[in-house]
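**Student:** For reference, each letter of the sequence shown is one residue, going 6 to 1015 in the numbering used here. Cβ atoms here follow ideal geometry from the backbone N, Cα and C, with glycine treated the same way. These numbers come from a predicted model, not from an experiment.
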Amino acid sequence: MPQESFLARRSFGVSNWLLIAVATCFLLGFIPRGVKQSIKTNSNNAADWLPASYSESQDLLWFRDHFISAQFVLASWDGCTLGDTDKLRLLATKLRAAEVEGKPLFSKVITGPEMIETLTQEPARLPTRTAIKRLEGALIGPPKLGADGESLGADSRTTCLIAYLSSYSQESNLNMRTAVTAVQSIAADECGVKSEQLHLGGPPVDNITIDIEGEKTLRRLAILSGVVGLSLAFWFFRSVATTLAVFAVAGISAGASLAGVYYYSVVWESWLMQMDRPRIGTVDAILLSMPAVVYVLGLAGAIHLVNYYRDERDEHGIAGAVERAVRIGWGPCALAALTTAVGLGSLAGSDIVPIMKFGGFTALGVMVTVAILFTVLPVFLHVAPPKLRGDDHPDSSGHSGVLPPWAHRYVAFVTTRHGLVTAGCFGAMALLALGLPQIKTSVQLLKLLDPDVDLIHDYAWLEEHLGNLVPMEVVVALTPDQLKQADEDAVGPDGQYRMSMYERMHMAQRLERRVESLDEVSRALSAASFGPEEEGGNGIFNSRAISTTSRILEANRGQLVEYMREEITPEGEQPRELWRVSARVAALKDIDYGQFVNDLRDAVEPVLTTYTLRSQLVKQLHDEGAGLRGAKVCIVYQGEGEQPLDPSEPAGMFISVLDETGPGIRQLRMKVSPLSLNQLAGVDEQTRAASLKALAAQDAVVAPTAQAAAELAKLAPNLKVIAPLTGEEPGVPHPSVAFDRHSSLHAVYTGIVPLVYKTQRELLASLRESIGWATLLIAGVMMLLFRNIAGGVISMIPNVFPIIIVFGAIGWIGIKVDIGIMMTASVALGVAVDDTIHFLTWFRRHIREGHDRQTATRLAYERCAVAMVQTTLIAGLGLAVFATSTFTPTQQFGTLMITILGAALVGDLLMLPAILCGPLGWCFAPKALAVPDPDAPFVPAARPEHAAAVSEQGAARSTASPSTASPTTAAESPATSDTPADTPDGSQLAPSNAALRSKLQSLRRRETPR
6 MPQESFLARR
16 SFGVSNWLLI
26 AVATCFLLGF
36 IPRGVKQSIK
46 TNSNNAADWL
56 PASYSESQDL
66 LWFRDHFISA
76 QFVLASWDGC
86 TLGDTDKLRL
96 LATKLRAAEV
106 EGKPLFSKVI
116 TGPEMIETLT
126 QEPARLPTRT
136 AIKRLEGALI
146 GPPKLGADGE
156 SLGADSRTTC
166 LIAYLSSYSQ
176 ESNLNMRTAV
186 TAVQSIAADE
196 CGVKSEQLHL
206 GGPPVDNITI
216 DIEGEKTLRR
226 LAILSGVVGL
236 SLAFWFFRSV
246 ATTLAVFAVA
256 GISAGASLAG
266 VYYYSVVWES
276 WLMQMDRPRI
286 GTVDAILLSM
296 PAVVYVLGLA
306 GAIHLVNYYR
316 DERDEHGIAG
326 AVERAVRIGW
336 GPCALAALTT
346 AVGLGSLAGS
356 DIVPIMKFGG
366 FTALGVMVTV
376 AILFTVLPVF
386 LHVAPPKLRG
396 DDHPDSSGHS
406 GVLPPWAHRY
416 VAFVTTRHGL
426 VTAGCFGAMA
436 LLALGLPQIK
446 TSVQLLKLLD
456 PDVDLIHDYA
466 WLEEHLGNLV
476 PMEVVVALTP
486 DQLKQADEDA
496 VGPDGQYRMS
506 MYERMHMAQR
516 LERRVESLDE
526 VSRALSAASF
536 GPEEEGGNGI
546 FNSRAISTTS
556 RILEANRGQL
566 VEYMREEITP
576 EGEQPRELWR
586 VSARVAALKD
596 IDYGQFVNDL
606 RDAVEPVLTT
616 YTLRSQLVKQ
626 LHDEGAGLRG
636 AKVCIVYQGE
646 GEQPLDPSEP
656 AGMFISVLDE
666 TGPGIRQLRM
676 KVSPLSLNQL
686 AGVDEQTRAA
696 SLKALAAQDA
706 VVAPTAQAAA
716 ELAKLAPNLK
726 VIAPLTGEEP
736 GVPHPSVAFD
746 RHSSLHAVYT
756 GIVPLVYKTQ
766 RELLASLRES
776 IGWATLLIAG
786 VMMLLFRNIA
796 GGVISMIPNV
806 FPIIIVFGAI
816 GWIGIKVDIG
826 IMMTASVALG
836 VAVDDTIHFL
846 TWFRRHIREG
856 HDRQTATRLA
866 YERCAVAMVQ
876 TTLIAGLGLA
886 VFATSTFTPT
896 QQFGTLMITI
906 LGAALVGDLL
916 MLPAILCGPL
926 GWCFAPKALA
936 VPDPDAPFVP
946 AARPEHAAAV
956 SEQGAARSTA
966 SPSTASPTTA
976 AESPATSDTP
986 ADTPDGSQLA
996 PSNAALRSKL
1006 QSLRRRETPR
């Protein structure tokens, strides 16, 4: 009596397949809740892209602890002008009262008209026209022009409302979405603003829009992708049961991977780590692509296993076919999953948090897919075995992977012309590899959205009618010893110069103007923007005016808290005074953020250096007993002596700052004389010696730049010079400048722009490192698999083929790599490795049977090619629908995946076979012949019994159990076994004749009517 298969046997009185099904269904019951909860955590905040340990992240968190303006919603609409403010005032009133469960949604709401009123009152007392001018580019737009090109006046200027999110609204992404939705609904339902005319902007609006577009894509396109995949699968399999089984595995795997994010946050972050809120266990726009990746890889494994099952049924009958297919397929499928997980896991080492999460969770999802594949699919195939085409022709020979005639001709060309094919593939790789060094990265939040999304149109409208919206912050920190109180002298007992409130305000104004001079900045705001005007042209020399203005500003510090405040410090430490300059950069222009940050430093640092040098000058004069009054000071600079000093250049700026010192240098009768080093270098020796002697007689010599100091040191090495200290100038990057309390005056550069710039640099580094590590780790796995170092290295050539081809082309074309493109590299490596392992597994098995390399390659084609093509077409065309997404990373993912899958198929079905048949193939089969030996004697063998003659109805009458009737069951998985396969009669062929037998079998299969 034939032995029952494993799934048909009974344990505890219940069939094994039912036990597996019940256990699997129990575990699968956790997936829907996990998926739902994971999607709820969807959040896309650029501030979360880098680890908290990075100085850029620390500085941004420090900034947000002190200033509330980091998270704001800006709202305006067609017709929202200074001449029509009723709706704007009504909206502001209602937003101030907006609450959820007694908690306010907004901490502060301001409007353009209200700020104009504020500036016309104490302490600024500005004329209305001046107030409007100061707010232009931030809260007020430019005046509209009439048909004749003339201005339509102040009433035509567009204005807006800015609502700052409360701490409650910033607690979670759901609360933030509630706040943004409140602005939209209140404006439309209670203020009479039409939805199509309302324009919103600001970081929370960006995040929420990206969340919505990502979720919309996941819902809509996932369904469409499934329909396309199901249609193609049914076309290939011609079996509803098989199609549903394959897609059940892929779908469950995708759902399990997404649910795993939620359960990771619950078990690891909440229960074990006792974290207040999850940091890693949340979904973002990039991680929403993970289910699609796991879906593709689960689909690939399922298709391979189904083809193994069909082969076993064709060759040995339905009895035990599932178990035999599992026995054959578990090795290559598990190894393919392992190597794919290694490749994806290399992304987990990235410092960019979304990529790190994508790599780690996707790698775990791939490994979970193996368990689902070998539990769900075997039960499906056992309970509802599909009707195969071969069942209608029990005498047909061969397995389901038999190739059509044209494919045989293709295989013959590749295997016989392997040298030409290999050279062509290597040539293409070498040519396109030249494009890899040309790859450039780009990371901009709004670039994640399609140009046709409403938010992009809103930003275009807002930037045209108001000004730029992306914030870039500069915060200057002054230590307490630099601050002058009303009743104190300017110079302290230790010689430290102390600035009055007026001088500090003037420093902020100078910084504001320097920042505004940059082309990328439309407007910069500081405390000086809300302060009084200078009293007359010579107001800076009027000590009484300075003292009065300082007292007014001190009395009204509370009104300037958003741009000037004391630092929050630990108990026992004296707080620094923080002066903020907030610039606005274009959101839609293609700005080089790296260059912009450098330009911003170049604009700010000379100002800080000037004030530091002024303090050094005052202290030196104090220590030497010279004092300020009547002191002789020479300022050396690089430039032509005949030209007047530019106040925006270091030397001219230094003289200007000296004019602000105390009641003014001129009134102190300090003798300040500039000296051009260029002019000094051009005179004769006698004149130069006289000039240097006069220079030495000065009370102090100041070189405003390090270059001027170095040039002067060449002319007068022993001269004492006040100059910037190399490596200690204000603004030189520290581990975290926000927390550096050693410098008396320095700037903190923060906001989204530095964060994005750092992310751009890390993205390229992560791309290189992840591909490098993935290649090395997978190569190591392949070496262990083949027990051959050379074989492991050579097997990686077709695996890196799609990466070099696709990313080399991206470099040549000039497409900028962003987060969406970057993550496809490891996916490409994983997909390529999957097919490579299956192909090499069967190649090595046929080599062990005694075939030469050329014949083994052809037989491996017959076993794997159909499944590989099916996987590529079903997964590739299924994912291609994502190319229509309005969410750019998903759009790029869909486009690149079909491209990469196609390139991987070329690598595995063109380059790999050519390598195996060529000289490099020796590494995989050192003892096998390259081609059949025509002179070898023929050893006859009995024709194999064909178990396919046993129909499904007569399977029970088989005279041999599955364990003895099937040649495949006598061996382990082909990925791990070294035992040669016997012929059905128990005899073994001589290695020299195995190829001839396989040729005859191949001809017989092609001649058998289907």
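Which of helix, strand or coil does DSSP assign to residue 787?
**Tutor:** Stepping through the sequence shown from its first residue, residue 787 is reached at position 782. Here residue 787 sits in helix by DSSP.
**Student:** In the DSSP output, which residue or residues are listed as bridge partners for residue 642?
**Tutor:** As a working mapping, residue 642 is identified with position 637 in the sequence shown. BP columns for residue 642 point to 681.
**Student:** Determine the closest residue to residue 504 out of 641, 101, 623, with distance taken between C-alpha atoms.
**Tutor:** Reading the sequence shown from its first residue, position 499 is the one you call residue 504. Per the Cα distances, 623.
**Student:** Using alpha carbons as the reference points, say which of 585, 701, 621, 358 lies closest to residue 511.
**Tutor:** Here residue 511 is taken as the residue at index 506 of the sequence shown, counted from 1. Nearest of 585, 701, 621, 358 to residue 511, Cα basis: 585.
**Student:** Let me know the alpha helix (DSSP H) ranges lying completely inside the stretch 794-840, each 4 residues or longer, listed in chain order.
**Tutor:** DSSP runs (the alpha helix (DSSP H)) wholly in the stretch 794-840: 794-800, 802-818, 824-827.
**Student:** How many Å lie between residue 421 and residue 859 at the Cα?
**Tutor:** Taking the first residue of the sequence shown as 1, we reach residue 421 at position 416. Taking the first residue of the sequence shown as 1, we reach residue 859 at position 854. Taking the straight line joining both Cα atoms gives about 8 angstroms.
**Student:** Go ahead and label residue 537 buried or exposed: buried means 16 or more other beta carbons lie within 10 angstroms of its beta carbon, across all protein chains shown.
**Tutor:** Here residue 537 is taken as the residue at index 532 of the sequence shown, counted from 1. So residue 537 ends up on the buried side.
**Student:** For residue 843, name the three-state secondary structure that DSSP assigns.
**Tutor:** In the sequence shown, residue 843 corresponds to position 838, counting from 1. DSSP places residue 843 in helix when its eight states are reduced to three.
**Student:** To the nearest angstrom, report how far apart residue 351 and residue 767 are at their CA atoms.
**Tutor:** As a first step, residue 351 must be located in the sequence shown, where it is residue number 346. As a first step, residue 767 must be located in the sequence shown, where it is residue number 762. Their Cα atoms are separated by approximately 15 angstroms.
**Student:** Suppose the cutoff is 6 angstroms on Cβ atoms and the five residues either side in sequence are ignored; what does the same chain contact list for residue 458 look like?
**Tutor:** Here residue 458 refers to the residue found at position 453 when the sequence shown is read from its first residue. Only 891 meet the Cβ criterion.
**Student:** Taking the C-alpha atoms as reference points, what is the distance between residue 125 and residue 80?
**Tutor:** Here residue 125 refers to the residue found at position 120 when the sequence shown is read from its first residue. Here residue 80 refers to the residue found at position 75 when the sequence shown is read from its first residue. Straight-line Cα distance between these residues: approximately 24 angstroms.
**Student:** Spatial neighbours of residue 142 within its chain, please: C-beta separation below 6 angstroms, excluding the five flanking residues on both sides.
**Tutor:** Here residue 142 is taken as the residue at index 137 of the sequence shown, counted from 1. Same-chain partners within the cutoff: 472, 527, 528.
**Student:** Can you tell me whether residue 2 is buried or exposed? The criterion is at least 16 other CB atoms within 10 Å of its CB, across all chains shown.
**Tutor:** In the structure as shown, the chain starts at 6 and stops at 1015, and residue 2 therefore has no counterpart that could be examined.
**Student:** Assign residue 754 to one of three DSSP states: helix, strand, or coil.
**Tutor:** For the purposes of this step, residue 754 is taken as residue 749 along the sequence shown, with counting starting at 1. In the structure shown, residue 754 sits in a strand (DSSP, three-state: E or B).
**Student:** Please determine, among 785, 519, 675, 676, the residue with the shortest C-alpha to C-alpha distance to residue 606.
**Tutor:** Residue numbering aside, residue 606 sits at position 601 when the sequence shown is read from its first letter. Ranking the options by Cα distance to residue 606, first place goes to 519.
**Student:** Cα separation between residue 104 and residue 97?
**Tutor:** As a first step, residue 104 must be located in the sequence shown, where it is residue number 99. As a first step, residue 97 must be located in the sequence shown, where it is residue number 92. In a straight line, the C-alpha of residue 104 is about 14 angstroms away from that of residue 97.
**Student:** Between 107, 109, 110, 133, which lies nearest to residue 1045 when the distance is taken from Cα to Cα?
**Tutor:** No answer is possible for residue 1045: it lies beyond the span of the chain, which begins at 6 and ends at 1015.
**Student:** Would you report the Cα separation of residue 65 and residue 756, rounded to the nearest angstrom?
**Tutor:** Counting from one through the sequence shown, the residue named residue 65 turns up at place 60. Counting from one through the sequence shown, the residue named residue 756 turns up at place 751. Approximately 6 angstroms, taken between the alpha carbons.
**Student:** How many whole angstroms separate the CB atoms of residue 643 and residue 579, which I take to be in contact at a CB cut-off of 8 angstroms?
**Tutor:** Taking the sequence shown and counting its residues from 1, one reaches residue 643 at position 638. Taking the sequence shown and counting its residues from 1, one reaches residue 579 at position 574. That pair is no contact at about 39 angstroms.
**Student:** Give a yes or no on whether the C-beta atoms belonging to residue 241 and residue 875 are separated by under 7 angstroms.
**Tutor:** For this step, residue 241 is matched to residue 236 along the sequence shown. For this step, residue 875 is matched to residue 870 along the sequence shown. Yes; because the gap between Cβ atoms is below 7 angstroms, this pair is in contact.
**Student:** Rounded C-beta distance between residue 255 and residue 36? I'm assuming under 8 angstroms.
**Tutor:** In the sequence shown, the residue the question calls residue 255 occupies position 250. In the sequence shown, the residue the question calls residue 36 occupies position 31. Not confirmed; about 13 angstroms, so no contact.
**Student:** How is the alpha helix (DSSP H) around residue 726 delimited, first residue to last?
**Tutor:** Within the sequence shown, residue 726 is the residue found at index 721, counting from 1. Run containing residue 726: none; DSSP gives neither H nor E here.
**Student:** Residue 783 to residue 344, Cα distance in whole Å?
**Tutor:** Numbered from 1 along the sequence shown, position 778 holds the residue referred to as residue 783. Numbered from 1 along the sequence shown, position 339 holds the residue referred to as residue 344. About 6 angstroms.
**Student:** Shortest alpha-carbon distance to residue 700 belongs to which of 31, 639, 908?
**Tutor:** Locating residue 700 in the sequence shown gives position 695, counting from the first residue. Here the closest residue by C-alpha is 639.
**Student:** Going along the chain, which residues of its own chain have a beta-carbon closer than 6 angstroms to the beta-carbon of residue 965, five neighbours each way excluded?
**Tutor:** In the sequence shown, residue 965 corresponds to position 960, counting from 1. Reliability fails at residue 965, whose pLDDT of 37 lies under 50, so the model's placement of it is uncertain and no value is given.
**Student:** Once the 5 residues before and after residue 372 are set aside, which same chain residues still bring their CB inside 8 angstroms of it?
**Tutor:** In the sequence shown, residue 372 corresponds to position 367, counting from 1. These residues qualify, in order along the chain: 342, 343, 346.
**Student:** Got a sec? Which residues, its chain only, sit under 6 angstroms from residue 630 by beta carbon, not counting five neighbours each side?
**Tutor:** Taking the first residue of the sequence shown as position 1, residue 630 is located at position 625. None.
**Student:** In terms of residues, what are the limits of the alpha helix (DSSP H) holding residue 329?
**Tutor:** Along the sequence shown, read from residue 1 onward, the residue named residue 329 stands at position 324. That run of the alpha helix (DSSP H) goes 326-350.
**Student:** With a threshold of 16 other CB atoms inside 10 Å of the CB of residue 89, please say whether the residue is buried or exposed.
**Tutor:** As a position in the sequence shown, residue 89 is number 84, starting the count at 1. By the 10 Å Cβ count, residue 89 comes out exposed.
**Student:** With a 10 Å radius around its C-beta and 16 neighbouring C-beta atoms as the bar for buried, classify residue 335 as buried or exposed.
**Tutor:** The residue given as residue 335 occupies position 330 in the sequence shown. So residue 335 ends up on the buried side.
**Student:** Can you tell me where the beta strand (DSSP E) with residue 113 in it begins and where it stops?
**Tutor:** Here residue 113 refers to the residue found at position 108 of the sequence shown. Unbroken beta strand (DSSP E) run through residue 113: 111-116.
**Student:** Is it the case that the Cβ atoms of residue 55 and residue 62 are separated by a distance below 7 angstroms?
**Tutor:** Locating residue 55 in the sequence shown gives position 50, where the first residue counts as 1. Locating residue 62 in the sequence shown gives position 57, where the first residue counts as 1. Contact: yes.
**Student:** With H, G and I counted as helix, E and B as strand and the rest as coil, what does DSSP make of residue 145?
**Tutor:** Position 140 of the sequence shown, counted from the first residue, corresponds to residue 145. Strand at residue 145.
**Student:** DSSP three-state label for residue 890, please.
**Tutor:** Numbered from its first residue, the sequence shown carries residue 890 at position 885. Three-state result, residue 890: coil.
**Student:** In whole angstroms, give me the CA-to-CA distance for residue 27 and residue 795.
**Tutor:** One-based indexing of the sequence shown puts residue 27 at position 22. One-based indexing of the sequence shown puts residue 795 at position 790. Cα to Cα, the separation comes out at about 46 angstroms.
**Student:** Tell me the DSSP secondary structure of residue 243 in three-state form.
**Tutor:** As a working note, residue 243 is residue 238 in the sequence shown. It is coil, neither helix nor strand.
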